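Here is the structure we will look at, set down as structure tokens.
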Amino acid sequence: MEQFYNYTGFANATWGHIIMILIGIVFIYLGIKFDYEPLLLIPIGIGVIIGNIPFVAGNQTGIYETGSVLNYLYFGVVKGVYPPLIFLGIGAMTDFSSLIANPKLMLLGAAAQIGVFGTFLGALYLGFSLPEAGAIGIIGGADGPTAIFLSSKLANGINILPDGTTVKNLIGPIAIAAYSYMALVPVIQPPIMRLLVNKEDRKIRMKPPRAVTQKEKMIFPVVALLLTTFISPSALPLLGMLFFGNLLKESGRTERLADTARTKLIDIVTILLGVTVGASTQADIFITKDSMMIFALGAISFVIATMGGLLFAKFMNLFLKGDNKINPLIGASGVSAVPDSARVVHAEALKSDPHNYLLMHAMAPNVSGVIGSAIAAGILLSFLA
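For the sequence shown, this note's numbering assigns the number 1 to the initial residue and increments by one for each residue that follows.
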């Protein structure tokens, strides 16, 4: 009986395990009760619980034990396989019409990337190495798949620094921070919007975007693929799959493939990604000073990114006149949390004017934020790998 007890979770549990299991339960609660990104938070929450059930080491049980089932599933995170597949699905479900119709709104997506480079500098100040800081910085783009992709390349616990030390494995903390703040968009962004944009500006009505032809929609992913990947070749796995998925959608000849990419494929990958990322928060590895600093930096970076988009939108209005002015609220959707950030902008505008519909306008900086964060990741990877 004593030997049986020693093999149970009760004998091997620590306070760290209990804390992480409670965090997993909170994630599930937020996803179900408040509908905060349930497709992400519920798999991640279950993964956190799975990863923190106490076990006896050496039986190929844990996610970090070579040969375990969870370790094989985690391969897609460690090697950056899952993020490009997520981008394929995103491309197949995204309509770039609003961006094509009003290209200047792309600048708002670029402005929000200040959160990436601000976080990068903050991580350096806190003592992280250059590759680690680069991986942490991408949290500022509020893009979970991109954060996982970059951290799997830079902060993977494998690469060797010039001084001979090994980089830290920060994939788990970075992924959890990125997805947590993506899910909390409806909580974090509205107070910042109300702080920086006065009620009069919140009521600005933008003129309807022009109609975009199907030919333009088909040409866009090809041109965008060439332009963005020539600027940032290291982002090719992400951007290539994003625009490939979009071409499947817009070509009119591959609807079956597009439907598979935006439904079955992305759903399967989201399940695997969420559970394995959650399970990687094993208490003895996850509960560290570095993890706490990453979460703090993530919160600050998200605020900076939102502020950057809002303030740049107000700056653009200095040069725009009449009905060409933009509602500064859409600057907040420059972060990559698609489409939640655009929805939050739309909901906030309706509070000031029940007839001011900003959703389609907000989608332009929102999708450009996805492209911008991928480009930023590619640039960081080029310099720091």
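A virtual CB, placed ideally from N, CA and C, is assigned to each residue, including glycine.
Owing to the predicted nature of the structure, the values given are computational and were not obtained by experimental measurement.
Distance from the CA of G140 to the CA of M1, rounded to the nearest whole angstrom, comes to 51 Å.
Among the bridge pairs identified by DSSP, N169 is matched with N156.
Within the model, the alpha-carbon separation for L236 versus L242 is close to 9 Å. Close CB contacts of G16 within its chain, under the 6 Å cut and outside five residues either way in sequence, are with A283, I287 (chain order). With contact defined as three or more Cβ pairs closer than 8 Å, the segment 31-45 and the segment 177-184 are in contact.
Using a C-beta cut-off of 8 Å, the segment 292-305 makes contact with the segment 105-125, since at least three inter-stretch Cβ pairs fall below that distance.
Under the three-state reduction of DSSP, S336 is assigned to coil, being neither helix nor strand. C-alpha of L108 to C-alpha of Q189: approximately 15 Å in a straight line. Taking the Cα positions, I23 is about 7 Å away from G45. When the alpha-carbon of G144 is set against those of I379, A374, D201, the nearest one is in A374.
Note on the segment 254-332: there is no whole beta strand (DSSP E) run with a minimum of 3 residues.
Segment contact: the segment 98-106 against the segment 361-369, three or more CB-CB distances shorter than 8 Å; contact assigned. Runs of the beta strand (DSSP E) lying entirely within the segment 159-234, each at least 3 residues long, are absent.
Minimum Cα-Cα distance from A224 among the listed residues D267, D163, I63, G372 corresponds to G372. Judged by pairs of C-beta atoms under 8 Å, the segment 270-284 touches the segment 45-59, as three or more such pairs exist.
Apart from the 5 residues on each side of it in sequence, M93 sits with its Cβ closer than 6 Å to the Cβ of R262 in its chain, given in chain order. The Cβ atoms of G172 and L154 lie no closer than 8 Å to each other. Linking Y7 to G164 through their CA atoms gives a straight-line distance of about 39 Å. Following the DSSP letters along the chain, one finds G134 inside the alpha helix (DSSP H) bounded by residues 130-137.
Ranking L380, G369, V344 by CA distance to the CA of Y357 puts V344 first. Taking a C-beta distance under 8 Å as the contact criterion, I326 and A313 qualify as a contact pair. By a beta-carbon distance limit of 8 Å, L329 contacts R202. Their separation comes to about 6 Å. Excluding sequence positions up to five before and after A147, its CB lies within less than 7 Å of the CB of I138, I139, I174, A175, A178, all in the same chain and listed in chain order. D323 has its alpha-carbon roughly 33 Å from the corresponding atom of S251.
DSSP, read as helix, strand or coil, puts L126 in coil. The beta carbon of P54 lies closer than 6 Å to those of G9, N12, A13, H17 in the same chain, with the five residues before and after it left out.
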